[in-house]
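This report concerns only the one structure given below.
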Amino acid sequence: MRIVIEVFIYYEETKSILKEGISMKIRAVLLTLLVAAGFYMMVQTINETPFQPTEWLYADQDGSPYSSIIFRQPGLHEQPSVTWKVDKVEEVNRLLHFLQAYEFERVDPDTLQLFDDQPLFTIDLHDDSGNRMTILIEEGILIQNDQLYYEVVNGPLQVDWLMEFIISNKP
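Numbering (our numbering), first residue to last: 563 to 733.
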């Protein structure tokens with residue numbers, strides 16, 4: 563009888579060990595899936611973050627994607643605005659290099675509260691394909707092709723540098 567009881571106890575212990583082993587394996591698989599899902603979500607969040615520098619600011623190896631700059635200075639006391647164009651690639655690259663120091667967040671244009679009633683000083687970058695990027699200096703906003711709006715995240719823009727840049731390019 564003692565052998566039967568020992569075999570039964572051994573059988574029950576083996577059964578409980580197997581159950582624990584299976585439940586541990588299930589726990590390990592669930593934990594692995596949880597870690598993998600968390601890693602996947604982290605990678606997706608990094609890829610979708612709006613704080614990454616925008617590629618269209620960076621010049622290609624062959625040079626700038628933009629070929630000219632148009633400055634628009636608002637007129638004072640109901641006078642017309644003053645506009646001038648600069649075609650120097652060095653100046654375009656200089657402006658792009660300045661903008662690369664900032665991070666931009668894509669924003670919905672409907673949420674922006676721009677001063678529509680006031681004329682703004684703007685800088686437009688143009689390329690040979692007709693694409694345009696507008697910089698609203700006072701607002702710290704970049705507008706690409708009148709569709710995509712970006713706001714400076716780590717700003718405001720250095721107005722002193724921009725004023726020196728504008729004055730050095732004024733005819």
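All C-beta atoms, glycine included, are put in the ideal place defined by N, C-alpha and C.
For clarity, every value in this text was computed on a predicted model and none was experimentally measured.
Handout entry: Proximal residues to Q635 (C-beta, below 7 Å), its chain only, five neighbours per side dropped
Key = S643, V644 and F683
Exercise for the section: Count the other CB atoms, across all protein chains shown, that sit within 10 Å of the CB of M604; report buried if there are 16 or more and exposed otherwise. Expected result: exposed
Practice task
Determine the burial state of I547: buried for a count of at least 16 other Cβ atoms within 10 Å of its Cβ, exposed for fewer.
Solution key: Nothing about residue 547 can be reported from this structure: the residues present for the chain run from 563 to 733 only.
Handout entry: Cβ contact (3+ pairs, closer than 8 Å) linking the segment 714–728 and the segment 657–666
Key = yes
Handout entry: Beta-carbon proximity list for M725, same chain, < 6 Å, skipping 5 on both sides
Key = none
Handout entry: Reduced DSSP secondary structure (H/G/I, E/B, other) of K587
Key = helix
Practice task
Look up Y658 in the DSSP assignment and say whether it is helix, strand or coil.
Solution key: The sequence shown places Leu at residue 658, not Tyr. L658 falls in the helix class under three-state DSSP.
Problem - Minimum C-alpha distance to S506 - residue among D670, V597, I588 and S691 - result: The first residue shown for the chain is 563 and the last is 733, placing residue 506 beyond what the model contains.
Handout entry: Reference L657, options L704, Q641 and G637, closest by Cα
Key = L704
Exercise for the section: Return the chain-ordered ranges of every beta strand (DSSP E) run that is complete within the segment 682–714 and spans a minimum of 3 residues. Expected result: 684–688, 694–698, 703–706 and 710–714
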